[in-house]
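Beneath this line is the structure, given in structure tokens, with notes to follow.
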Amino acid sequence: MHNLHTELILFSPTGTTRTVLEAIAEGLEPESISRLDLTRSAHAPSHAPEHAQSGSGIKTLALIGMPVHAGRVPTLAVERMRAIKGMGRPAVLVAVYGNRAFDDALLELRDLTRELGFVPVAGAAFIGQHSFSTPEFPVAEGRPDVTDRDRATAFGRLVRDKLDGISHEAELRNLPELQVPGNFPYREGVQAAPISPETVSESCVLCGECAQACPSAAISLHADSVTTENMLCLRCCACIRACPTGSRVMLHPRILELGRTLHAQYAQRREPEFFL
Ligand SMILES: Cc1cc2nc3c(=O)[nH]c(=O)nc-3n(C[C@H](O)[C@H](O)[C@H](O)COP(=O)(O)O)c2cc1C
908 MHNLHTELIL
918 FSPTGTTRTV
928 LEAIAEGLEP
938 ESISRLDLTR
948 SAHAPSHAPE
958 HAQSGSGIKT
968 LALIGMPVHA
978 GRVPTLAVER
988 MRAIKGMGRP
998 AVLVAVYGNR
1008 AFDDALLELR
1018 DLTRELGFVP
1028 VAGAAFIGQH
1038 SFSTPEFPVA
1048 EGRPDVTDRD
1058 RATAFGRLVR
1068 DKLDGISHEA
1078 ELRNLPELQV
1088 PGNFPYREGV
1098 QAAPISPETV
1108 SESCVLCGEC
1118 AQACPSAAIS
1128 LHADSVTTEN
1138 MLCLRCCACI
1148 RACPTGSRVM
1158 LHPRILELGR
1168 TLHAQYAQRR
1178 EPEFFL
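Here it is in structure tokens:
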């Protein structure tokens, strides 16, 4: 498959999935690259790159990356993916998880992308700093690190080799179904609950960075306060990372306890896995 265009399609509240995809894209060495970031908004229902279909001489590979939330693809990301048409394009599927487990997320992503008309050709699971990691109780802190990024680029090269071995559309359609770990029915996933980060009003400067960072528009900026619609919150902690004054904090005891448990139980470094 020559003249490869790669389209990154991603949902990445705290940026680790994005970093992994960029490193994979480096190894793919595409002739051109575009990005469709679903983190903060959905896209037009008919979205498909102009040269998605065969006949234009350029083949488009979709490089699709999602974080793992409670062993699943985040519901909001699935909703936003549903506006995208695969149109027979080959797809590389990437799940990024916080060093506990990716459970059913990669399987869910494979099933979803097939349903949307993509042809999954490869999959991978990478590790990213856990959203609930704190300096006191770090979980996969600093990942993906240099080693992870090198492995991601190496994975990209393997995928490119596989694609270069496919010379006809028919070969792509006749590939055996991509096998990835996971179980169906999938795990339960994240349940809505009145839990979200809070704003410390004494130090908040009302800059609105938290509201801008929020994937689910759960945060509203008012003349003299910031409010959070906690039932909409994904608990992704993007607002905490984005706040320049450290005024967004997660104080809910259930999340603090979970962070401590993850730190204690999942300290051993897990490594990326490839499925080709
Ligand atoms: C609500 C929630 C649930 C999560 N569940 C899992 C999980 O089941 N297993 C795991 O290893 N990491 C889990 N994580 C951690 C994320 O998968 C990890 O931090 C990932 O790198 C985030 O990707 P991003 O930086 O692209 O947002 C969870 C994070 C959140 C916010």
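First residue of the sequence shown: 908, per the numbering used here; consecutive thereafter.
Cβ atoms here follow ideal geometry from the backbone N, Cα and C, with glycine treated the same way.
message: Is Asp1010 close to ligand 1? I mean its beta-carbon at under 7 Å from any heavy atom of the ligand.
response: yes
- request: Let me know if Gly1072 comes out buried or exposed under the rule of 16 or more other beta-carbons within 10 Å of its beta-carbon.
  value: Burial state of Gly1072 is exposed, judged by a 10 Å Cβ sphere holding fewer than 16 other Cβ atoms.
task: Just confirm the distance between the C-beta atoms of Arg1017 and Val1087, as a whole number of angstroms; I'd bet it's less than 8 Å.
output: Yes, Arg1017 and Val1087 are in contact; Cβ-Cβ is about 5 Å, under 8 Å.
field: Cβ-Cβ separation, Leu917 to Thr924 (assumed contact under 8 Å), whole Å
entry: Approximately 6 Å separates the beta-carbon atoms of Thr924 and Leu917; this is inside 8 Å, confirming the contact.
query: What does a CB cutoff of less than 7 Å around Glu938 pick up in its chain, not counting 5 residues either side in sequence?
result: Excluding positions up to five away in sequence, the list reads Asn910, Leu911 and His912.
- prompt: Is the number of C-beta pairs between the stretch 1145 to 1152 and the stretch 1116 to 1135 that are closer than 8 Å three or more?
  reply: yes
task: Using three-state DSSP, classify Pro1160 as helix, strand or coil.
output: helix
message: I need the straight-line Cα distance from Ser1110 to Ser1103, nearest angstrom please.
response: Each residue's alpha carbon lies about 18 Å from the other.
task: Return the CA-CA distance between Val1112 and Leu1158, expressed in angstroms with no decimal places.
output: 20 Å
query: According to DSSP, is His1170 helix, strand or coil?
result: helix
message: Classify Glu1082: buried if its beta carbon has 16 or more other beta carbons within 10 angstroms, exposed otherwise.
response: Residue identity differs from the one stated: residue 1082 is Leu in this sequence, not Glu. Leu1082 is exposed by the Cβ-count criterion.
query: Near Ser963, what residues of its chain come up, given a Cβ to Cβ distance below 6 Å and the 5 sequence neighbours on each side ignored?
result: Note that Ser963 has pLDDT 47, beneath the 50 cutoff, so the model's placement of it is unreliable and the number below is only indicative. Around Ser963: no qualifying Cβ.
- prompt: First and last residue of the alpha helix (DSSP H) that includes Phe1062?
  reply: Val1053 to Asp1071
task: Using the Cα positions of Leu1169 and Glu1076, report the straight-line distance between them to the nearest angstrom.
output: 45 Å
message: Looking at the secondary structure, which residues open and close the alpha helix (DSSP H) in which Ile880 lies?
response: An answer regarding residue 880 cannot be provided, because it is not within the stretch 908 to 1183 covered by the chain.
message: Considering only their Cβ atoms, is the gap separating Val985 from Phe1009 smaller than 8 Å?
response: no
field: Closest by C-alpha distance to Arg1161, when choosing among Ala1047, Phe1039, Phe1182 and Pro1092
entry: Phe1039
task: Return helix, strand or coil for Thr1189, following the three-state DSSP convention.
output: Residue numbering for the chain in the displayed model covers 908 to 1183; residue 1189 lies beyond these limits and cannot be assessed.
task: For Thr1152, count neighbouring C-beta atoms within 10 Å of its own C-beta (all shown protein chains included) and say buried if the count is 16 or more, exposed if not.
output: exposed
message: Using 8 Å as the threshold, is the C-beta distance between Ile940 and Gly1063 below it?
response: no
task: Quick one: using the 10 Å Cβ neighbour count with 16 as the cut-off for buried, is Asp1011 buried or exposed?
output: Under this definition Asp1011 is a buried residue.
- prompt: Thinking C-alpha only, which one of Leu983, Leu915 and Ala1002 is nearest Glu1180?
  reply: Ala1002
- request: Run through the stretch 1086 to 1126 for me and flag every whole alpha helix (DSSP H) of 4 or more residues, listed as ranges in chain order.
  value: For the stretch 1086 to 1126, whole alpha helix (DSSP H) runs of length 4 or above, ordered along the chain, are 1116 to 1120.
- request: Count the other C-beta atoms from every protein chain shown that fall within 10 angstroms of the C-beta of Gly1184, then say buried if there are 16 or more, exposed otherwise.
  value: Summary: the structure shown does not reach residue 1184, with the chain confined to residues 908 through 1183, and so no result is reported for it.
Per DSSP, the bridge partner or partners of Ile1034: Answer by DSSP bridge pairing, in chain order: Tyr1004.
query: Between Ile971 and Val999, is the Cβ-Cβ spacing less than 8 Å?
result: The answer is yes: Cβ separation under 8 Å.
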